[in-house]
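Each residue of the sequence shown is one higher than the one before, starting from 20 at the first, in this note's numbering.
For every residue, glycine included, the Cβ atom is placed at its ideal position computed from N, Cα and C.
Just so it is clear, the structure is predicted and the values come from calculations on it, not from any experiment.
In what follows, a structure is listed as structure tokens, so that the remarks can point back to it.
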Amino acid sequence: MVNHVEAAFATPTTDFLPAVHAPTDSKELNDFKAWARGIGLDFDLYWSSAAGSYGTDPTLYHCTPFDLGWGWLVNLDHDFIGREALSKLKEDPPRKLVTLVWDQEDVTDVFKSLFRPEPYEYMEMHRELLGTLKASTVLVGDEEIGFAPSRCYSYWFKEMLSLGVISTKYATPGTVVTVKWGSKGYPQKLIKATVQPAPYKEDKRRHSIR
């Protein structure tokens, strides 16, 4: 799953959630959720273990195709539910998928804190446990600009990485942002991170092997 971060392959239930959690009076949606539970697919389980500084409200993790780098898949040449909303988003997407490279010294201090009386929340290695959604708030100054899911250590790059769904205004590579590490109830660490493109790892599938 580390390669999902390096390759910017946003993954449901670890990077975003299906948009089925919002309160609704829609009979169709409620019928669908009842049907899903009937076959053992309980959407509530996907976010019951949600943690991190970004929050546990499942609707925080509802994303658009443009948030996740999938805008190129949006086809507006036919009518469908949501077409008008997607058409407006396509003109000026408010958020963008990026890679965040976490500051090595700040990350090291999180591990060093394990030997102090009040440690920061532990960073699982190489990444968060599968099936859990843990995301950190991303800031520029005091402004909240998005969230960072799928923190992981990349052995290939020897760096701590995460995906970032952040305001397009701050998505330029090289921009320095702050990640708030730690769930509520834990000491929280502000970690510097640098915005980089997503995917982070160069796609060499079409390179000549000669």
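Opposite residue i in the DSSP bridges: which residues?
i, result
"E11", "One cannot answer for residue 11 here, as it falls past the ends of the chain, which runs 20 to 229."
"R114", "S186"
"P37", "Paired residue(s): none; P37 is not in a bridge."
"K208", "W200"
"T32", "Looking at the DSSP assignment, T32 forms no beta bridge with any residue, so it has no partner."
"W121", "A212"
"V195", "T213"
Are the CB atoms of residue i and residue j nearer to each other than 7 angstroms?
i, j, result
"A212", "V117", "no"
"L119", "A167", "yes"
"F35", "Y80", "yes"
"G201", "S45", "no"
"T30", "H40", "no"
"M144", "Y174", "no"
"E25", "K220", "yes"
"V21", "R146", "yes"
"P192", "P218", "no"
If residue i and residue j are in contact, beta carbons under 8 angstroms, what's the gap, nearest whole angstrom?
i, j, result
"G88", "K109", "Not a contact, Cβ separation roughly 13 angstroms."
"K208", "D122", "Not quite, the Cβ-Cβ distance comes to about 11 angstroms (not below 8 angstroms), so this is no contact."
"T187", "P112", "6 angstroms"
"I214", "T197", "Before going further, note that residue 214 is Val rather than Ile in the sequence given. The pair is not a contact, with the Cβ atoms about 11 angstroms apart (cut-off 8 angstroms)."
"S227", "T33", "Actually they do not touch by this definition, with Cβ atoms about 34 angstroms apart."
"L158", "K199", "6 angstroms"
Discussion item. I'd like to know if the region 66–86 and the region 99–108 are in contact, where contact means that at least 3 CB-CB pairs between them fall below 8 angstroms.
Written reply: yes
Worksheet item: Which parts of the region 131–184 are runs of the beta strand (DSSP E), unbroken and 3 residues or longer, counting only runs that do not cross its ends?
Response: 154–159, 162–168, 171–173
Worksheet item: Three or more C-beta pairs closer than 8 angstroms, one from the region 45–62 and one from the region 153–164: is that the case here?
Response: no
Worksheet item: Quick check: the region 132–141 against the region 175–184, are there 3 or more CB pairs under 8 angstroms?
Response: no
Discussion item. Threshold first: 4 residues or longer. Then list the alpha helix (DSSP H) segments lying entirely within the region 68–103, N to C.
Written reply: none
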